[in-house]
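Student: Residue numbers (numbering that gives the first Met the number 0), protein chains in the order written: chain A, 0 to 497; chain B, 0 to 487; chain C, 0 to 274; chain D, 0 to 131. Quick one: the structure is below, and I'll ask about it shortly.
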Amino acid sequence: MSLQYPALIVVVPLLSALVISIAGWVNKRWCFPITVAALAVAAYSSVGLLFRVLDEGVIVYKLGGWDPPMGIAYYVDHLNGLVLAVVSIVALLNAIASKKSIEQEFPEKIGPFYTLYVLMVTGLLGIVVTGDAFNLYVLLEIAALTGYGLIAMGGGRGPLSALNYLYMGTIGACFYLLGVGYLYIMTGSLNMVDIAGILPDLYQSKAVMAAFIICMVGVWIKMAFFPLHAWLPNAYTHAPSASSSLIAPLVTKVMIYVMIRLILTIFTPEFSFNILAVSKPIVWLSVIAIFMGAILALKERNLKKMLTYIIIAEVGYMVGGAWLGNRVGMTGAILHIANDALMTLCVFLAVGNIVYKVKGAEFEDLQGLFRKMPFTMGAFIIGAISMIGVPPTCGFFSKWYLISGAIQAGHYGFMVALLFSSLVNVVLFFRVFEICFYEPFSDHHGHGHDRHPEPMDEAPVTMLVPLFIVAAILVLVGLYTGDIVNHIIEFAIPKGLV
Amino acid sequence: METIISIKPLLAVLVSLLITPILASSRAPNVREAWTFVAAVAKVLIIASMVPAVLKGAEIVYTVAQVVPGVAIKFRVDALGMLFALVSSSLWIVTSAYSIGYMRALKEHSQTRYFVFFALALSATVGVAFSANLLTLYLFYEMLSFATYPLVTHHQDPEARRSGRKYLLYIVGTSIGIVLPAMLICYNMTGTLEFSMQGIFAGTEPKATMVVLLLMLVLGFAKAAIMPLHSWLPAAMVAPTPVSALLHAVAVVKVGAFSVLRVLTGVFGINLLTNLHLGTVVCYIAAFTVITASLIALTQDGLKRRLAFSTIGQLSYIVLGVALLSPKGMIGGMTHIAMHAFGKITLFFCAGAIFVATGKKNISEMVGIGKRMPVTMIAFFIGSLSVIGLPPTGGFFSKWYLVLGTLQADQMPMLLVLLGSSLLNAAYFLPVVYKAFFCTSEESMFQNTIQEAPIWCVAPLVVTAVGSIVLFFYPTLFLNLAKLAIGG
Amino acid sequence: MKIIGLIVAILVGALLVYAAADFPAWSDPASPASTYLSPHFIEKTMEETSVPNIVTAVLADYRGFDTMFETTVIFSAGMAVFLLLRTFRREEPEARHYRHVLTGVTLRVKEGGELPPSDDFERIDSLWTPHDLIIKTVCRLLIPFIQLFALYVIAHGHHSPGGGFQGGVILGASIILLAISQDLRTAVKRMAEKLDALLCSVGVLIYAGTGALCLLLGLNFLDYSALASVLHVDSIMARSHGILIVEIGVGIAVMCTMIWIYNNVSSGGKYNQGL
Amino acid sequence: MADLISIIVAKYNYWIYITLMMIGLYAMIAKNNLVKKIVGMNIFQTAIILFYVSIGVKKGATIPILEHGHGGHGHHVVHAADYVNPLPHVLMLTAIVVGVATLGVALALAIRVYNQYNTLEEDEILAQIREE
């Protein structure tokens, strides 16, 4: 069966989504177990696949039995092996954690919600696993369409935000499609590896350059790279908890993966970094993205929205790291895809718990939370510390590689931006902690003899356990950074990139 | 040099980390405190069990994980680390006892949280002591910063909030903003961060950037409270007294000084510093801090604040001693970690005991207190002697070596600084003692009845005061460790 | 906003015009797109899949995986529209209106009231307008033929332009036509919501299930030649049949999703009279 | 000049698609009405479809359905030059479906927005949000 892992990763969730949609009409209680089972199989397959890749190198899976470039093929190498594992694990944990909040927020539409949820995961996994440029577009649209639906389920400004996201997302996806069309018209092929083989003769072509730019802009829109970020904060803030904790960790990260795939596989580092002399400006752009993300986060008074601006800064980290044009920076970017997905999941799950209990994420809602929800806040602290970049959590180590890359590339602006953002994250998170910790002030300052603390009111166990698992993973991944880099990422980057 | 691979250093760090869930979940305070003691004693025993090997000149090494090429999360127990770990872990036992007395006497809230984070802070302290490289040290340094935040802000009032902000701004701001980049630049220049006698820059060409790096690393470890990055320490005095005692006289601030020592001896190495004349630069910064802090201390009326400024000055002794780069000076600096710890913790305990018994915080309100709390004030006197550096207390030895060090290094200005600041120390401590005991009955603010703080408060301070005296007669352990640490 | 839009459009347009300089001229037989992969498809399709309509073969076999997700896209859209719009908690108006079909008499039934037991009544909304007789009759006559043609388009996709998507859309349009010419309730009576939704899933399931069946039979996902043993034909014909099966699945899925989306969008998820 | 005209003529398919696409893009950015934006989006997508389909065109070739296809396997030699490129057609079938799907979801969202704010003009909606 392990030969079929690449197909199973995508097919099992797809089939399950269909079954869930049927189950939604028959008996709603079946939806959740099927979801979890499907995602568990996907996670199992993707981890199994990652280990196979570690043993055997690149795995090619021909769909329909057709040889590429005639048919569509999956190429699983170290890069997408890693991302697949992360995506499927994040999706699984979030599915378990958000059971209660889904039941709380839309009891009638559990079936459709889980269907879209699993379809979205299918789309994201498909984007990562595929080796065909056009197939990627189709899956991109699946992930996007389901995402619009999931986001719009949030009340208030949810639909409007989702509609804005839809406009931007469609432009982004269409740009990508157009870029693929340009590549197709110049090479006649749609297979990524095949295109990469044909392109070197065409490196001087204006059309190829345009294809590159259009594809890049397309994925930048999709990943909310500053200044194309405007859709993201509202969309993620007004989404229901279960959606935002799936979408926030994964969508931007998967798009970063697509960008790196474009740089490394389709266009090759030689073209991306040497022939097109755009590395420097793009890194400067990402410096601006980081600064703006950090500054915009500072002015927010809503926890969830604040976190969305941090995501924008984090996107800047990864884009900048990938475009530093050296091996260390690229390592940092790839590592940060995994790390950022996990730590974003951690903080968003924590916020989900808070919203579940407190019914809001405005700063005023957070008062006294350390007393009320100590376990949730404990995990939130670990997530926050990882976002700040404190060892031994994983966020520190990707930052380490990114800064190292910046130093090696002599790009000190990027280094300063990363440090600045870390410091701003300290301010951001400790501002939240202060509210949770000090407020409401009791009448007896100092020695609270007569303090009657609010009773503890924690989220249910099903929400806490996944949260703790994620928090533990953050530390474990941090400690195993060396192994991840040496055994996985080292092989994910072509030898030519030094 | 013999190298032993053993999991003991990791255990020493973990023992207090692992009991935190037990502490957090225990319902009965007595059970909770019992576990604290178990952990504290276990920690000391584990550390003590490594002493013989270290005294033989061996190093105990344990690698947890290889995280970045060339750098691992790794423990290495050497003489200097052992010295520091011994001091901080043994004082934890005493402080735990004192905490019980202090916290219960004042009916403080959130005692469970207090003990949990105290245990965490101790893990981090020992972690710093046993770090084998700059990355591991940074890890535990940061862990200590975050673990102590809830302790500093224990009262959860607006004042605590302000102090907490200042604390974070100075401690975390510098570590992320200054130490992290400096560390990464070092790493990218040399490919390693491992501490060694020659320093990690051994074999590389000296460059101007190294001066910048040195300054970044020395000042960046703001826990050492070298001016101008010192003002978090007086602010942190809003914490409950046991926190100030152990953390802001021993663990946290010594972690800072210890980190600076590691940077000077392990990262740059004595040879490089001598060649580049960088030691002198650090010396002058430290000397400035010593004198200024002592002068400021004179003006403080709050007892804890005076102690805090005294600590700032004393910390720079440590840095100064090592930056002299002469063997005697370095021995002096290193032993000062231990000697000052015993002296200063006694003083803080006394301050706390006074607060528990009388509710007084200011020196001007303590006239005649010796008649009411004689035991406490005698201990205070002993502690003062130790900090001033007079026999029969351990503080004498470290200061003696420091003075010898200045002579050895031929640094007359530093000699003057040391002597001058000793006078200042005497000037800001002895009057307190004098007024406590020798005042006319009209001046006395207290009744003549003896009314000490609870036994849990008094016993620890007696122990540490006696410890200070014992160290005068038996300083060999720490002296030997310090001698080993400088390689001879 | 207008100026920004103009600037962006001009910038992007300029880039595209600039890039077009390197493109091959229109309908150039020597362009890479026409010389690299397409000759293989044109010359080998008949041998490899036994389907004369190359587009169908490429669509459902060579790139069948894309097409499966294409079906999934439309399914996702249907599902998303349903999730977004459908309101189950219908606030019942105080009075319901019924029309006696034979006589055209309208009854107003108060809350809690009961109708006489008869099949001749139809529920109407307060804004009801009578159906136009000509439109109603013509549509009723046309719809069977439309559906017949749709089935032809699906079935004959191997040999002529057509296939599951086209046929599915025509089928869906026939029901939508019913909804437009009369009202949504009539259409929903013919094609109940639940049936429609289930068939959506079933359609995609036929496609994905065929692929999974190939996988279970030991070959790669969607490798229809694995079906040879089940269908008792050679592996080339198995591909041809496999294509037909999935086209049927696509047809069902597309038809139902079109109806589903129309129903939800036209009634705002309330499933009342509709437009 | 003659060169320029010949270039314009030889590649007029590209100019048409670019023009259409920019109209769509402009509408999406500049229009105030949410449904007009959706219309712009459709024009935008359709332009890309046009582009792809025009790639497939080949001079002197017919639709990609083999003649004599009913007889059996490969009795007649098939020349690639006789049929147009089938691949862009396949791809665009997908893109059309995606376009329809996006349109459906967009309209559903627009209905939700309208139900909530009773208007589809963006500036009026934003004004309402600011008032809250």
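Glycine included, each C-beta is placed from N, C-alpha and C at the ideal position.
Whose C-beta lies closer than 6 Å to the C-beta of tyrosine 186 of chain B among residues of the same chain, with five residues either side of it excluded?
Tutor: The residue you call residue 186 of chain B lines up with position 187 of the second sequence. Taken in chain order, the residues that qualify are Leu192.
Student: So, is phenylalanine 144 of chain C buried or exposed, given that buried needs 16 or more other C-beta atoms within 10 angstroms?
Tutor: For the purposes of this step, residue 144 of chain C is identified with residue 145 of the third sequence, where counting begins at 1. Result: exposed.
Student: Mind pulling the chain C residues with CB within less than 8 Å of arginine 111 of chain D?
Tutor: In the fourth sequence, the residue the question calls residue 111 of chain D occupies position 112. By Cβ distance, chain C contributes Leu83, Leu84.
Student: Which residues, taken in chain order from the region 183–210 of chain B, show a beta carbon closer than 8 Å to some beta carbon of chain A?
Tutor: Leu183, Ile184, Tyr186, Asn187
Student: Ignore the nearest five residues each way along the sequence and tell me which others in isoleucine 33 of chain A's own chain have a CB closer than 7 Å to its CB.
Tutor: For the purposes of this step, residue 33 of chain A is taken as the residue at position 34 of the first sequence. Here the set comprises Ser15, Val18, Ile19, Ala22.
Student: Where do the ends of the alpha helix (DSSP H) carrying glycine 362 of chain A lie?
Tutor: As a first step, residue 362 of chain A is located in the first sequence; it is residue number 363 there, counting from the start. According to the sequence shown, residue 362 of chain A is phenylalanine rather than glycine. No alpha helix (DSSP H) contains phenylalanine 362 of chain A, which DSSP labels as neither H nor E.
Student: Go through the region 137–187 of chain A residue by residue and report every complete run of the alpha helix (DSSP H) that reaches 4 residues or more, in order.
Tutor: 157–186
Student: I need the boundaries of the alpha helix (DSSP H) containing alanine 206 of chain A, first residue and last residue.
Tutor: Position 207 of the first sequence holds residue 206 of chain A. Unbroken alpha helix (DSSP H) run through alanine 206 of chain A: 205–222.
Student: Since asparagine 132 of chain B sits in a beta bridge, which residues does DSSP pair it with?
Tutor: As a working note, residue 132 of chain B is residue 133 in the second sequence. Paired residues: B:Glu193.
Student: Compare the C-alpha of phenylalanine 116 of chain B against each of B:Ile99, B:Val151, B:Ser87 and name the closest.
Tutor: Numbered from its first residue, the second sequence carries residue 116 of chain B at position 117. The candidate whose alpha carbon is nearest that of phenylalanine 116 of chain B is B:Val151.
Student: Let me know if aspartate 442 of chain A comes out buried or exposed under the rule of 16 or more other beta-carbons within 10 Å of its beta-carbon.
Tutor: For the purposes of this step, residue 442 of chain A is taken as the residue at position 443 of the first sequence. Its pLDDT being 49, under 50, aspartate 442 of chain A is placed unreliably in this model, and the value from its coordinates should be taken loosely. The residue is exposed, with fewer than 16 neighbouring Cβ atoms inside 10 Å.
Student: Can you list, in chain order, the residues of its chain whose CB lies under 6 Å from that of alanine 186 of chain C, leaving out five sequence neighbours each side?
Tutor: Mapped onto the third sequence, residue 186 of chain C falls at position 187. Hits under 6 Å: Ile174, Leu177, Ala178.
Student: Are the C-beta of glycine 495 of chain A and some C-beta of chain C separated by less than 8 Å?
Tutor: The residue you call residue 495 of chain A lines up with position 496 of the first sequence. Not an interface residue.
Student: Note the first and the last residue of the continuous beta strand (DSSP E) segment covering lysine 61 of chain A.
Tutor: Working through the first sequence from its first residue, we reach residue 61 of chain A at position 62. For lysine 61 of chain A, the enclosing beta strand (DSSP E) stretches over residues 58–61.
Student: Any beta carbon of chain A sitting closer than 8 Å to that of lysine 193 of chain C?
Tutor: Numbered from 1 along the third sequence, position 194 holds the residue referred to as residue 193 of chain C. With 8 Å as the cut-off, lysine 193 of chain C counts as an interface residue toward chain A.
Student: Is it buried or exposed for proline 8 of chain B, if we count other Cβ within 10 angstroms and need 16 for buried?
Tutor: Within the second sequence, the letter at position 9 stands for residue 8 of chain B. Classification for proline 8 of chain B: buried.
Student: At the level of alpha carbons, what is the spacing between phenylalanine 395 of chain B and alanine 159 of chain B?
Tutor: Walking along the second sequence from the start, residue 395 of chain B turns up at place 396. Walking along the second sequence from the start, residue 159 of chain B turns up at place 160. Rounded to the nearest angstrom, the two C-alpha atoms are 36 Å apart.
Student: Whose Cβ in chain D lies nearer than 8 Å to the Cβ of isoleucine 3 of chain C?
Tutor: Taking the first residue of the third sequence as position 1, residue 3 of chain C is located at position 4. Ile28, Ala29, listed in chain order.
Student: Mind listing the chain D neighbours of cysteine 173 of chain A? Cutoff is C-beta to C-beta under 8 Å, in chain order.
Tutor: On the first sequence, position 174 is the one that residue 173 of chain A refers to. Near cysteine 173 of chain A (Cβ distances below 8 Å), the residues of chain D are Phe43, Gln44, Ile47.
Student: Go through its chain and collect everything with a Cβ distance to lysine 165 of chain B's Cβ below 6 Å, but skip five positions before and after it.
Tutor: Here residue 165 of chain B corresponds to residue number 166 of the second sequence, with the count starting at 1. Hits under 6 Å: Trp231, Ala234.
Student: Inspect the beta-carbon positions of methionine 254 of chain A and valine 277 of chain A and report whether they are closer than 8 Å.
Tutor: Translated into the one-based positions of the first sequence, residue 254 of chain A becomes position 255. Translated into the one-based positions of the first sequence, residue 277 of chain A becomes position 278. In this structure, valine 277 of chain A does not lie closer than 8 Å to methionine 254 of chain A by Cβ.
Student: How about valine 112 of chain D and leucine 162 of chain A: are their beta carbons less than 8 Å apart?
Tutor: Here residue 112 of chain D refers to the residue found at position 113 when the fourth sequence is read from its first residue. Here residue 162 of chain A refers to the residue found at position 163 when the first sequence is read from its first residue. Yes, they are a contact pair.
Student: Taking 8 Å as the threshold, find out whether the region 14–21 of chain D comes into contact with the region 150–157 of chain A through three or more Cβ pairs.
Tutor: The region 14–21 of chain D vs the region 150–157 of chain A: no contact.
Student: List, in chain order, every chain A residue whose beta-carbon is nearer than 7 Å to that of glutamine 115 of chain D.
Tutor: Working through the fourth sequence from its first residue, we reach residue 115 of chain D at position 116. By Cβ distance, chain A contributes Pro158.
Student: As a quick exercise: from B:Lys42, B:Met413, B:Tyr473, B:His154, pick the residue whose alpha carbon is nearest that of valine 280 of chain B.
Tutor: Numbered from its first residue, the second sequence carries residue 280 of chain B at position 281. Minimum Cα distance to valine 280 of chain B is reached at B:Met413.
Student: Spell out the partners DSSP gives leucine 106 of chain C in its beta bridges.
Tutor: Counted from its first residue, the third sequence places residue 106 of chain C at position 107. Answer by DSSP bridge pairing, in chain order: C:Tyr97.
Student: Determine, using beta carbons only, whether alanine 123 of chain B and alanine 146 of chain B come nearer to each other than 8 Å.
Tutor: Here residue 123 of chain B is taken as the residue at index 124 of the second sequence, counted from 1. Here residue 146 of chain B is taken as the residue at index 147 of the second sequence, counted from 1. Yes; because the gap between Cβ atoms is below 8 Å, this pair is in contact.
Student: Identify the residues that DSSP records as bridge partners of arginine 122 of chain C: which are they?
Tutor: For this step, residue 122 of chain C is matched to residue 123 along the third sequence. Per DSSP, C:Tyr97.
Student: Mind checking the region 20–43 of chain C against chain D and listing, in chain order, the residues whose C-beta falls within less than 9 Å of any C-beta there?
Tutor: Ala20, Phe22, Pro23, Ala24, Trp25, Ser26, Asp27, Pro28, Ser30, Ala32, Ser33, Thr34, Leu36, Ser37, Pro38, His39, Phe40, Ile41, Glu42, Lys43
Student: With three or more C-beta pairs closer than 8 Å as the rule, is the region 54–63 of chain A touching the region 30–45 of chain A?
Tutor: As far as the Cβ criterion goes, the region 30–45 of chain A does not touch the region 54–63 of chain A, which means the pair count is below three.
Student: For leucine 418 of chain B, which option in B:Tyr427, B:Lys398, B:Lys434 has the closest C-alpha, if you only look at C-alpha atoms?
Tutor: The residue given as residue 418 of chain B occupies position 419 in the second sequence. Closest option to leucine 418 of chain B, judged by alpha-carbon separation, among B:Tyr427, B:Lys398, B:Lys434: B:Lys398.
Student: By Cβ distance, which residues of its chain are closer than 6 Å to alanine 41 of chain A, with the 5 residues on each side in sequence left out?
Tutor: Position 42 of the first sequence holds residue 41 of chain A. Only Ile8, Val11, Pro12, Ser87 meet the Cβ criterion.
Student: At a Cβ cut of 7 Å, what residues of the region 129–156 of chain A count as close to chain C, listed as they run along the chain?
Tutor: Phe133, Asn134, Val137, Leu138, Glu140, Ile141, Leu144, Thr145, Tyr147, Gly148, Ala151, Met152
Student: Can you confirm whether glycine 73 of chain D, when its beta carbon is compared against all beta carbons of chain A, has any partner nearer than 8 Å?
Tutor: By 1-based counting over the fourth sequence, the position of residue 73 of chain D is 74. Since pLDDT at glycine 73 of chain D reaches only 48, below the 50 mark, its modelled position is unreliable, and the value read off the structure follows with that caveat. With 8 Å as the cut-off, glycine 73 of chain D does not count as an interface residue toward chain A.
Student: At a CB-CB cut-off below 9 Å, which residues of chain D make contact with glycine 180 of chain A?
Tutor: For the purposes of this step, residue 180 of chain A is identified with residue 181 of the first sequence, where counting begins at 1. Near glycine 180 of chain A (Cβ distances below 9 Å), the residues of chain D are Ile47, Phe50, Tyr51, Ile54, Pro87, Leu90.
Student: Tell me, please, whether the CB atom of phenylalanine 87 of chain C is closer than 8 Å to any CB atom in chain A?
Tutor: For the purposes of this step, residue 87 of chain C is taken as the residue at position 88 of the third sequence. Yes, because at least one Cβ of chain A sits closer than 8 Å to the Cβ of phenylalanine 87 of chain C.
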